[in-house]
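**Student:** Note that the sequence shown covers residues 47 to 164 in the working numbering.
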Amino acid sequence: MTGIHLWLSGENVTIKDVTTETFTVEVLQADRPVLVDFWAPWCGPCKALAPLLAQIAEEHAGTISVVKVDIDDNPEIAADHHVMSIPTMTLFVDGRAATTINGAKSRKAILGSLANWL
Numbered sequence: 047m048t049g050i051h052l053w054l055s056g057e058n059v060t061i062k063d064v065t066t067e068t069f070t071v072e073v074l075q076a077d078r079p080v081l082v083d084f085w086a087p088w089c090g091p092c093k094a095l096a097p098l099l100a101q102i103a104e105e106h107a108g109t110i111s112v113v114k115v116d117i118d119d120n121p122e123i124a125a126d127h128h129v130m131s132i133p134t135m136t137l138f139v140d141g142r143a144a145t146t147i148n149g150a151k152s153r154k155a156i157l158g159s160l161a162n163w164l
């Protein structure tokens with residue numbers, strides 16, 4: 047898979063699939079914080095988080111971006127960022143990992159982990 051592929055769209059926001067080819071530009075060089083959802087199509091908890099992440103992306107569209115990385119298609123990104131289990135969500139700020147959320151969490155828990163950047 048190459049390029050950016052649309053994964054999920056809300057009314058005012060699009061969550062993109064980010065690949066090895068686009069990770070640097072879309073995440074590390076982004077002009078705002080980026081929440082990266084490391085996931086896989088076979089992961090039930092990952093699929094359950096998708097609507098919640100779309101909602102968070104839409105509500106905070108001017109503050110943070112949300113993208114998805116399929117670890118099966120992009121294992122080098124997951125390895126580079128020490129993703130050992132999924133779902134894992136990492137917030138990147140100014141090209142660096144600022145916080146990591148492991149496992150399927152509630153909306154309140156996710157927003158609590160992101161509070162300093164919202």
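All residues carry an ideal CB built from backbone N, CA and C; glycine is no exception.
Return the Cβ separation of D140 and D63 in integer angstroms, given the expectation that the two are a contact with Cβ distance under 8 Å.
**Tutor:** Not really, about 23 Å apart at Cβ, beyond 8 Å.
**Student:** Are the CB atoms of T136 and S159 nearer to each other than 8 Å?
**Tutor:** Not closer than 8 Å, so no.
**Student:** May I ask which residues mark the beginning and end of the beta strand (DSSP E) holding K114?
**Tutor:** Per DSSP, K114 belongs to the beta strand (DSSP E) from 111-116.
**Student:** Hey, how far is the Cα of A103 from the Cα of P97?
**Tutor:** So the alpha carbons of these two residues sit roughly 10 Å apart.
**Student:** State the beta-bridge partners of M135 as determined by DSSP.
**Tutor:** Its beta-bridge partners are D83, I147.
**Student:** From which residue to which residue does the alpha helix (DSSP H) around S159 run?
**Tutor:** Taken as a continuous stretch (DSSP letters only), the alpha helix (DSSP H) holding S159 covers 153-160.
**Student:** Roughly how many angstroms lie between the CA atoms of H127 and A100, to the nearest whole one?
**Tutor:** So the alpha carbons of these two residues sit roughly 23 Å apart.
**Student:** Please report whether the beta-carbon of A144 lies at a distance below 8 Å from any beta-carbon of chain D.
**Tutor:** No chain D is part of this structure, which consists of one protein chain only.
**Student:** Taking DSSP's pairing of strands, which residues face D140 in a bridge?
**Tutor:** Answer is none; D140 lacks a bridge partner.
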